[in-house]
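Before any comments, here is the structure.
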Amino acid sequence: MNYQYPLDETWSKQEIIDVVNFFSLMEKAYESKVNRQNVLAVYSRLKEIIPSKSEEKKVFDAFEKESGYSSYKVVKKARETNEELFSMK
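Using our numbering, the final residue of the sequence shown is 198, and nothing's skipped along the way.
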């Protein structure tokens, strides 16, 4: 990983940890398999930190630009799949 996560300096230490956990899981979805419920749980926490849809889009776009991984597609697949584990491979 040779890129930075899009973090906001106004977030608390715990919020930064939770956002990093979210993006780590997004990476894992592309590199191996992730648990559907875990993805939905970390996304729910992210929405508490970033309630604005437009701000969420900015953060997702910044992450995708840096990493090449689409958080939107991972969350969408987690919502739509019935499989407990899934991958974006």
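C-beta: ideal position from N, C-alpha, C; glycine also.
All figures in this text were calculated on a predicted structure; none of them were measured in a lab.
- A residue is called buried once 16 or more other Cβ atoms fall within 10 Å of its Cβ, and residue 112, having fewer, is exposed.
- Bridge pairing for residue 169: absent [DSSP].
- Counted as a single uninterrupted DSSP element, the alpha helix (DSSP H) harbouring residue 127 occupies residues 122-140.
- For residue 149, the secondary structure class from DSSP, reduced to helix, strand or coil, is helix.
- Scanning its chain for C-beta atoms nearer than 6 Å, with the 5 sequence neighbours on each side dropped, one finds around residue 135 the residues 178, 180, 183, in chain order.
- When DSSP states are grouped into helix, strand and coil, residue 116 belongs to the coil group.
- Contact between residue 176 and residue 141 is ruled out by a C-beta separation of about 15 Å, above the 8 Å threshold.
- Taking C-beta separations shorter than 8 Å and ignoring five residues to either side along the sequence, the partners of residue 155 in its chain run 127, 128, 131, 165, following chain order.
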